[in-house]
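To start, the structure itself, in structure tokens.
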Amino acid sequence: MNTALSRLNPYPFDRLNKLLAKTVAADLSPISLALGEPKHATPAFLIDYMTNPDLIRTGLATYPPTRGIPELRQAISDFIERRYPPAKINPENQVLPVNGTREGLFSVAQALSEPLKRKHIILPNPFYQIYEGAAILAGCQPLYVNSDNSAPFKPDYNSIKPETWDKVSIVYLCNPGNPHGSLLSVQELQYLIERALEHQFIIIADECYSEIYRDEAVAPPGLLEASAKMGNIGHKQCLAFNSLSKRSNLPGLRSGYVCGDAQLIESFLLYRTYHGSAMPIHNQLVSTLAWSDEQHVILNRALYREKYTAFLDIVHDIWPMHRPEASFYLWPQTPYDDQEFTLNLFKKANIRVLPGSYLARTVGTENPGRNRVRLALVAELDQCIQAAERIRDHWSKLC
Numbered sequence: 054m055n056t057a058l059s060r061l062n063p064y065p066f067d068r069l070n071k072l073l074a075k076t077v078a079a080d081l082s083p084i085s086l087a088l089g090e091p092k093h094a095t096p097a098f099l100i101d102y103m104t105n106p107d108l109i110r111t112g113l114a115t116y117p118p119t120r121g122i123p124e125l126r127q128a129i130s131d132f133i134e135r136r137y138p139p140a141k142i143n144p145e146n147q148v149l150p151v152n153g154t155r156e157g158l159f160s161v162a163q164a165l166s167e168p169l170k171r172k173h174i175i176l177p178n179p180f181y182q183i184y185e186g187a188a189i190l191a192g193c194q195p196l197y198v199n200s201d202n203s204a205p206f207k208p209d210y211n212s213i214k215p216e217t218w219d220k221v222s223i224v225y226l227c228n229p230g231n232p233h234g235s236l237l238s239v240q241e242l243q244y245l246i247e248r249a250l251e252h253q254f255i256i257i258a259d260e261c262y263s264e265i266y267r268d269e270a271v272a273p274p275g276l277l278e279a280s281a282k283m284g285n286i287g288h289k290q291c292l293a294f295n296s297l298s299k300r301s302n303l304p305g306l307r308s309g310y311v312c313g314d315a316q317l318i319e320s321f322l323l324y325r326t327y328h329g330s331a332m333p334i335h336n337q338l339v340s341t342l343a344w345s346d347e348q349h350v351i352l353n354r355a356l357y358r359e360k361y362t363a364f365l366d367i368v369h370d371i372w373p374m375h376r377p378e379a380s381f382y383l384w385p386q387t388p389y390d391d392q393e394f395t396l397n398l399f400k401k402a403n404i405r406v407l408p409g410s411y412l413a414r415t416v417g418t419e420n421p422g423r424n425r426v427r428l429a430l431v432a433e434l435d436q437c438i439q440a441a442e443r444i445r446d447h448w449s450k451l452c
């Protein structure tokens, strides 16, 4: 058995289930704001295409290529160039499909880290726990970089000393950030790219929330965009991951991509060939269609904006919250211990949220998630409104 398995921390949702297990919820219909699973309807044109018998027959009858079919690689390349100018991606050697970002973000550390030479993998704190598990099972040591505990919640990368950078294999970024929705600017991304080129570590950018943002005219910047703008047109030391889960409401399709440095992509492809992680042909064809269409994504963003506005209008007088520039989360402070507050919200209003301390680690004496909770506005509008009204109506009992 891999002894590193014993170093893995319990997953946040396992901890949440354990926290709530012995508590009787309020006698109200349950509402979950805990899990970041999109609940908007999958676009009808994708469903229609996916259920075409000829498509399914073709997909089931063929071993899929690990490197992806040409149509999918071209569609992803076109998306990158359309979304992140002046970045350009060669579909022949700078892109691979992955089975959702979770799978890719985990396996890339197994393939590309160098634990014997460079033992550290840097994570933002708070963070998506897959990064931590990937680092531990790759034989590396997670190094947590705390975010400010007030908006905009950005990790303090300037605090890392040059001698530490020399011991780093990989830096995981989440931009827009989970759980807080903060954005790293082009300049901040370029600072990290400069460090990566100087110290020869790899930047892994998780951009899975990139297509859910507040202002239709101001899209969040991406790693490859920042790379191209500084003249790193081959995207050396840079890999960007994204998926269709949030963008197209396709979490069950398990479809995403990794793009960037051709040499790193070549090594990752070798690993994936042995790992057996090829995406089925019919999923690749549906993904090609989804990456090629923007109208359904624009409509999806509009739904999230409507929910943010409705929710915050109801609770702002009693529970002020920072509205992020992107993602579908809220990251408010709690009036007391985040676990106790989560328990009470379940007990008084039958609403599930995720304690912020479950999404972070204590560094020194500070856990940057303590006394915060993560709320995922993924349910339909009426459920989000109902949740906000319950919070408002039960606030005196919660405090």
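In this text, residue positions in the sequence shown follow the numbering used here: the first is 54, and each later residue adds one.
Where is the CB? At the ideal position from N, CA and C, for every residue including glycine.
Excluding five sequence positions before and after Q337, the CB atoms of its chain that fall closer than 7 Å to its own CB belong to P117, G121, I122, L125, P150, given in chain order.
Residue pairing of L292 in beta bridges, as defined by DSSP: I257, G313.
The segment 102 to 112 makes no contact with the segment 127 to 141; the number of CB pairs closer than 8 Å stays below 3. About 6 Å separates the Cβ atoms of I371 and R445, confirming a contact at the 8 Å cut-off. In the DSSP assignment, I223 falls within the unbroken beta strand (DSSP E) covering 221 to 227.
Cβ-Cβ distances below 8 Å link L81 to A402, N403, R443 in the same chain, with the five nearest sequence neighbours on each side left out; the list follows chain order. Nearest C-alpha to L292 among F381, A204, A413, N146: N146.
Cβ contact annotation for E264 (same chain, cutoff 6 Å, sequence separation greater than five): R300, V350, in chain order. Distance check between G89 and each of C261, E359, G313, P385 places C261 closest, using alpha-carbon atoms only. Cβ neighbours of M103 within its own chain (closer than 6 Å, five residues either side excluded): V339.
Counting C-beta pairs with one atom in each stretch, the segment 225 to 232 and the segment 172 to 186 have three or more that are closer than 8 Å, which means they touch. Excluding five sequence positions before and after F132, the CB atoms of its chain that fall closer than 8 Å to its own CB belong to W344, S345, given in chain order. Membership of H252 in the alpha helix (DSSP H) is indicated by the continuous run 239 to 252. Non-local C-beta neighbours of N199 in its own chain, meaning closer than 6 Å and more than five positions away in sequence, comprise N178, V416, P421, ordered along the chain. The Cβ atoms of N353 and N295 lie no closer than 8 Å to each other. Contact annotation: I174 and S222 have beta-carbon atoms nearer than 8 Å. Annotation: Q163 is outside any beta strand (DSSP E); the continuous alpha helix (DSSP H) that includes it extends over 153 to 165. When the beta-carbon positions are compared, G313 and H288 come within less than 8 Å of each other. The Cβ neighbour count for C193, taken over all protein chains shown within 10 Å, is at least 16; the residue is labelled buried.
Between R427 and Y361, the CB-CB gap reaches or exceeds 8 Å. Straight through space, the alpha carbons of Y210 and E251 are spaced by roughly 15 Å. When secondary structure is reduced to three states using DSSP, N146 falls in the coil class, being assigned neither helix nor strand. Where A355 is concerned, the enclosing alpha helix (DSSP H) starts and stops at 348 to 368.
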